[in-house]
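Residue numbers (UniProt numbering): 1 to 419.
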């Protein structure tokens with residue numbers, strides 16, 4: 001008993017504050033995500049709000065494009081050849097720092113002459129909420145299996161299929177935005193078991209406010225798609241509940257693991273470069289166990305982002321839709337908070353996890369773990385002047401909130417690339 005209370009462990013997987021939003025503001029009719037209607041009304045001045053929308057966050061749905069389509073036939077390795085001078089410039093940013101900092105940077109401003117630099121790019125980190133990108137890929141992978149010949153039917157399923165939270169969505173402190181179209185009122189609260197949203201809205205909650213419960217629900221639905229195939233669109237809540245209560249836990253665990261990880265393997269991303277081993281909420285553990293642990297590396301995430309820009313993640317239409325879901329349209333944090341990025345469109349995901357041991361009396365707090373202190377940023381940056389680049393920054397700096405480091409590095413990297 002004494003030993004069990006010796007260590008106080010705080011494990012948080014999170015990547016955003018509750019005001020951060022994604023997806024183009026004018027995407028309500030396309031997606032049915034009601035939060036976007038709220039932002040649309042704020043932008044037009046019809047609703048008053050303290051929300052400040054940065055210049056780079058005001059791209060429309062049709063403005064967003066994939067940057068490497070013309071290089072679709074190129075291998076991922078073709079983009080990962082180090083540029084000597086670029087590497088020297090990036091190395092200078094980390095002079096005197098230990099291996100707690102890892103990075104991969106790809107300048108794609110000129111797609112016929114890309115520049116790549118890296119530092120400890122194969123090092124493995126607990127990805128935290130960056131792992132939710134793998135859940136997004138799993139969702140679009142399963143949608144294609146259900147409707148292989150119609151992307152519009154996949155979108156319609158995302159818009160029309162509503163599912164209930166249940167236990168899966170519980171135990172996360174992140175709130176979600178709920179906008180009432182009749183009263184024009186926005187409410188922010190935690191997910192409750194009775195919540196019902198469309199697949200598109202759950203996916204948006206997963207990414208826009210990094211809600212862990214929403215991530216578990218989206219993963220659950222991808223699992224159900226894999227299990228029921230073409231019958232999934234008409235699957236009832238009762239049938240889904242019965243499936244989870246009658247199927248052996250090991251079988252569910254194996255299928256859940258395959259659903260999120262096999263699509264990454266198909267992209268040539270190895271198990272040591274990026275994998276997801278557990279759901280994001282303890283409620284999900286009633287039905288599905290953990291398997292293999294979670295890990296991410298700058299190289300693994302860079303491989304993913306390159307292929308996303310090539311239109312090779314699931315297919316070209318899915319890649320574009322996933323990029324739209326990563327578009328930041330509201331408050332920016334960590335790496336994306338750099339003032340240098342204000343005019344830029346930023347497609348972003350951040351994640352963190354920290355662990356504290358207070359037995360020694362050493363100071364430790366939120367995002368300042370003294371055992372582990374992971375903070376990760378993944379960003380595609382597009383300036384109006386055609387300066388475009390991809391960054392994966394992963395850190396494990398103990399006893400320090402690395403958000404300022406990420407912001408400072410973002411400004412410095414932006415300066416190097418523009419130079």
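A virtual CB, placed ideally from N, CA and C, is assigned to each residue, including glycine.
On the premise that residue 141 lies in contact with residue 425, defined as a C-beta separation below 8 Å, what is that separation, rounded to the nearest angstrom? Here the chain covers residues 1 to 419 and nothing more, so residue 425 does not appear.
First through last residue of the beta strand (DSSP E) which encompasses residue 382: Numbered from 1 along the chain shown, position 382 holds the residue referred to as residue 382. In the DSSP annotation of this structure, the continuous segment of the beta strand (DSSP E) that includes residue 382 starts and ends at 372–382.
Beta-bridge pairing of residue 177 - partner residues as DSSP gives them: As a working note, residue 177 is residue 177 in the chain shown. Partner(s): 188.
From residue 383 to residue 57, what distance separates their C-alpha atoms? As a working mapping, residue 383 is identified with position 383 in the chain shown. As a working mapping, residue 57 is identified with position 57 in the chain shown. Our two residues, residue 383 and residue 57, have alpha carbons roughly 11 Å apart in a direct line.
Residue 197, enclosing beta strand (DSSP E) - first and last residue: Position 197 of the chain shown, counted from the start, is the residue given in the question as residue 197. Counting along the chain, the beta strand (DSSP E) containing residue 197 begins and ends at 196–198.
Let me check one thing: in DSSP terms, what residues is residue 264 bridge-paired to? Residue numbering aside, residue 264 sits at position 264 when the chain shown is read from its first letter. In the DSSP assignment, no residue is bridged to residue 264.
Buried or exposed, going by whether 16 or more other CB atoms sit within 10 Å of the CB of residue 62? Residue mapping note: residue 62 aligns to position 62 of the chain shown, counting from 1. Exposed: under 16 other Cβ atoms inside 10 Å.
Could you name the residues of the same chain whose beta carbon sits closer than 6 Å to that of residue 139, not counting the 5 residues immediately before and after it, in chain order? Within the chain shown, the letter at position 139 stands for residue 139. If we look at residue 139 and ignore the five residues flanking it on each side, its Cβ neighbours are 218 and 222.
Inter-residue spacing [alpha-carbon to alpha-carbon] between residue 404 and residue 247: If you number the chain shown from 1, residue 404 lands on position 404. If you number the chain shown from 1, residue 247 lands on position 247. Pairing residue 404 with residue 247, the inter-Cα distance amounts to about 46 Å.
Along the chain, where does the alpha helix (DSSP H) containing residue 271 start, and where does it finish? Translated into positions along the chain shown, residue 271 becomes position 271. For residue 271, there is no enclosing alpha helix (DSSP H), as DSSP marks it with neither H nor E.
If you scan the stretch 14–76 from start to end, which runs of the alpha helix (DSSP H) of 4 or more residues do you find wholly inside it? Runs found: 28–31 and 34–44.
Name the DSSP beta bridge partners of residue 116, please? By 1-based counting over the chain shown, the position of residue 116 is 116. As DSSP reads the structure, residue 116 sits in a beta bridge with 82 and 106.
With DSSP as the reference, please indicate the residues paired to residue 395 in a beta bridge. Here the question's residue 395 lines up with position 395 in the chain shown. DSSP lists 101 and 375 as partners of residue 395.
Relative to the C-alpha of residue 191, which candidate in 183, 184 and 215 has its C-alpha closest? Mapped onto the chain shown, residue 191 falls at position 191. The closest CA to that of residue 191, considering only 183, 184 and 215, is found on 215.
Which term fits residue 402, buried or exposed, when burial requires 16 or more other beta carbons within 10 angstroms of its beta carbon? Counted from its first residue, the chain shown places residue 402 at position 402. Here residue 402 is buried. Its C-beta has 16 or more other C-beta atoms within 10 Å.
By Cβ distance below 7 Å, which residues in the same chain neighbour residue 212 in space, the five residues on each side in sequence not counted? Here residue 212 is taken as the residue at index 212 of the chain shown, counted from 1. Around residue 212: 13, 172, 174, 280 and 281.
Of the listed residues 287, 145, 331 and 297, nearest to residue 166 (C-alpha basis): What you label residue 166 is simply residue 166 of the chain shown in a count that begins at 1. Among 287, 145, 331 and 297, the Cα nearest to that of residue 166 belongs to 287.
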